[in-house]
Each structure stands twice: as structure tokens, then as C-alpha cells.
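Note that UniProt numbering numbers the sequence shown so that position 308 is 308, with each residue one more than the last.
Before any comments, here is the structure.
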Amino acid sequence: MLGAGFQLTRGRHGEDHFYKSAKGARKPNHRADQLRRAQSDVSNGRSANPKQRENESPSGPTNLERFLEAVTPSVPAHYSPKTSLRERKADDDDDKVPYFVLGDVWESFAEWSAYGAGVHLVLNNKDRVIQYYVPSLSGIQIYADPHALSSSLKARRLSDDSSSDVSTDSDSERVTAGMDHVSLRDQLLEDSSSDDGERLGSQGRLMFEYLERDLPYIREPLADKVSDLAARFPELKTLRSCDLLPSSWFSVAWYPIYKIPTGPTVKDLDACFLTYHSLHTPVAGPSSAQPMSLVQPIESEKMSLPVFGLASYKFRGFVWTQNGGSEHQLVNSLFQAADKLLRSCHVSHPDLLFFCRR
């Protein structure tokens, strides 16, 4: 669907080896903690979370909507002053523009990576379960204007009185030094369909790219994988969303690991998902049309990174389609959004290719 050129690595038995439950990727010493936390979620959730009781109502959220909400990361919102008169309106008292730091995005996955993300689902219109999914980094591309990024990094160094993540001119030069240094394409990808050398066009320059190829059951959880990648590309934790271009994205693969209460295996809960999230926030403020939203908890203001694109595998059965065609319509719409972005970036995403071939 998204082009050829990738040779997917699969086990000898094809689908079963690729899909094999992510339980194998979990560390054994996490199991007891996982079950204790999950049991606590069930006992507390039934009495403390009225939203979970909406399942009996036809107007309540569908299981797919519950999944999308549960796996949406939330990160601290940072602010920088608007820099142009055009960005300031006479009747606008808010002269701050929200952005997030990439390191906060990966930190938001830390607990999910350790214990799984719990999604409250409703079976047979009455039975409540919590299905846990393990997240792994499926793909990421970071695009930026190298000149604008360099200027931004230098400005941050000059304006920061204390130590910061950017401390010398050489840091900004290193970020934009060239594809051979900052991209892991040649080092981590053996069969890339991307053109060699720098990619600079309407999407900007591709500063960083990683596309996962390992089988799901041997992948590291997302937080661990990002730590490994950041050891070779430290800016993966320090770049700001406002310095990146709209074509910047990352994808998370979600594989089911267990459910609470345990009980018999529910075949329809075998569904796996790819979610796509933007790494860009507009410099013109939160009013710009962008798949980001601001939420303001009591303690601090946070930003959520909603799912703008989705692909599914083994998405079937009444568990996911209790409202008939509406779920399929939503899935198709989100899939088209992901497909459109990947086509515009001229990239073939191995996990998505596999999902599309099933």
C-alpha cells in the first residue's frame, strides 16, 4: 500500500511468529507487580471511576474509543513568547505558545513500558475487563529546517542563564551536521527504501529516522528502546516540538499481554494496533489547526498527543464492533490519515506493511 522495497523479517511460521504474544518480551520479575497493579485497577476502577459504567448506555464510548483515549500520552506544556506582531492579536491576552520537549513524551511511556497500558473494555455489553497492552517504538521521523533549528538552539543557549541541554555553538552545529551523523538509517536499518544522503525538500530535512524491524516478541518496551537510541542521538530527548516540522511523527505498536480478570482467553481481544502521533506543535499558538490539544489539570498544564493515525491487526468480533459500522468507519479514517502522512514523507513503514498484508 505504501510502496515496496522492504524485506520484512518473519519467523518460519509467518503470521504466528510475527504476532506471537508480547508476553515473551516482558521481564519475568515484572509479572507479580503487573498483576498486583492490575487487580488494584479493577477494584478501584469499578467504584471510583463512573465513566466505566457508561458501557450499558448506547451513547457511551465504544471499546475502540476507550482504547484510543487510554493510549494517548500526556506531557507537560512549556511556553515561549510569541515572537512576531502577526502572532499577537489585539484582543488576545495569551502571548504564550505551548510546546513540549521530546524527552517528556518518552517519559510518559515509562510506566506503560514497565507494566503495560490498561484499557477498560466492555464484553457482551456488561462484563468489564482491563486489557493490558505493551508499547514498543514502531517508527519515528524527525523533520526540521536546519537553519531555523540552529538559530533556535543558539537563541536558547544565549537566553538561558543556567545550564541547559544546549551549552555551546558546537551543539547546534552537531544537530544539523548531516544525515550520516544524526540519522540511524545506515546504522540500524539494513533494507531501507529511503534515498541515501540528505533528504531536504517540502518536508524539510530528515534529521532522524528509525523504523523497527524486530519481531514483536523480542522488541524492547518503548521507554527502553528510546534510551538506547538517545545514547547515539541525544537530541531525541532535548528537541522541542515547536522546532520541528509538521511532517515529524512517531508510531507505537501495541500488543496485548494479559487481561484482568484473567479467566478464559477471549479471542477477539487478540487485536493489535499501530498508533501515530505528531511531534510538531505550531508556532502560531494552540488555536492553529493541529492534532494537539491542551488540558489543564489542577497541578499543572499538560498537552495530550492524540492518535491521528491508526492501523489494526486482528481487529474483529463484537468486542470492537458493537456499534456496527461506526468503528470500522473510524478505523478507516484514521488509517487514511496515517497513509497520507507516510506517502507525503515517501517512507515505507514495515509494521504497517505487515498489518496491511494480513
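C-beta atoms are modelled at their ideal positions from N, C-alpha and C, and glycine is treated no differently.
(request) Could you check the C-alpha separation between TYR258 and GLY325 for me, to the nearest Å? (result) TYR258 and GLY325: Cα-Cα distance of roughly 27 Å.
(request) Please say whether VAL319 and LEU121 have beta carbons closer to each other than 8 Å? (result) A contact, by the Cβ cut-off of 8 Å.
(message) Let me check one thing: in DSSP terms, what residues is ALA117 bridge-paired to?
(response) Beta-bridge pairing links ALA117 to TYR133.
(request) Give the secondary structure of TYR210 by DSSP, where H, G and I count as helix, E and B as strand, and everything else as coil. (result) TYR210: strand per DSSP, three-state reduction.
(message) Checking 8 Å against the spacing of the C-beta atoms, do SER251 and LEU274 come in under that value?
(response) Yes, the pair counts as a contact, with Cβ atoms nearer than the cut-off.
(message) Quick check on LEU274: does DSSP put it in helix, strand or coil?
(response) In the structure shown, LEU274 sits in a strand (DSSP, three-state: E or B).
(message) One question on the structure: do TYR133 and TYR255 come within less than 8 Å of each other, judged by their Cβ atoms?
(response) Closer than 8 Å, so yes.
(message) With DSSP as the reference, identify every bridge partner of PHE250, one or two as the case may be.
(response) PHE250 is bridged by DSSP to ILE140 and HIS277.
(message) Under DSSP, the alpha helix (DSSP H) around LEU236 begins and ends at which residues?
(response) Start and end: 235-238.
(request) Output the boundary residues of the beta strand (DSSP E) element that contains LEU310. (result) Looking at the DSSP string, the run of the beta strand (DSSP E) that includes LEU310 is 309-313.
(message) Any contact between the region 97-117 and the region 226-240? By contact I mean 3 or more CB pairs, one from each, below 8 Å.
(response) Inter-segment contact for the region 97-117 and the region 226-240 is present: three or more beta-carbon pairs are separated by less than 8 Å.
(message) Closest to SER136 by C-alpha separation, out of VAL71, LEU123 and VAL119, would be which residue?
(response) Distances from the alpha-carbon of SER136 to those of VAL71, LEU123 and VAL119 put VAL71 closest.
(request) Count the other C-beta atoms from every protein chain shown that fall within 10 angstroms of the C-beta of TYR143, then say buried if there are 16 or more, exposed otherwise. (result) By the neighbour-count criterion, in which a residue is buried when 16 or more other Cβ atoms sit within 10 angstroms of its Cβ, TYR143 is buried.
(message) Only counting the same chain, and skipping five residues up and downstream in sequence, which positions put a Cβ closer than 8 Å to that of SER80?
(response) Excluding residues within five positions, the ones whose Cβ falls inside 8 Å are LYS96, VAL97, TYR99 and CYS242.
(request) Closer than 7 Å by C-beta to SER113: which residues in its own chain qualify, once you throw out the five before and the five after it? Chain order, please. (result) Here the set comprises PRO135, PRO221, LEU222, ALA223 and ASP224.
(request) Name the two residues that bound the continuous alpha helix (DSSP H) containing ASP243. (result) Taken as a continuous stretch (DSSP letters only), ASP243 belongs to no alpha helix (DSSP H), as it is neither H nor E.
(request) Could you check if LYS126 is buried or exposed, using at least 16 other CB atoms within 10 Å of its CB as the buried criterion? (result) Taking a 10 Å sphere around the C-beta of LYS126, we find fewer than 16 other C-beta atoms and assign the residue as exposed.
(request) Return the bridge partner residues of PHE255 from the DSSP annotation. (result) In the sequence as displayed, the identity of residue 255 is Tyr instead of Phe. Looking at the DSSP assignment, TYR255 forms a beta bridge with VAL134.
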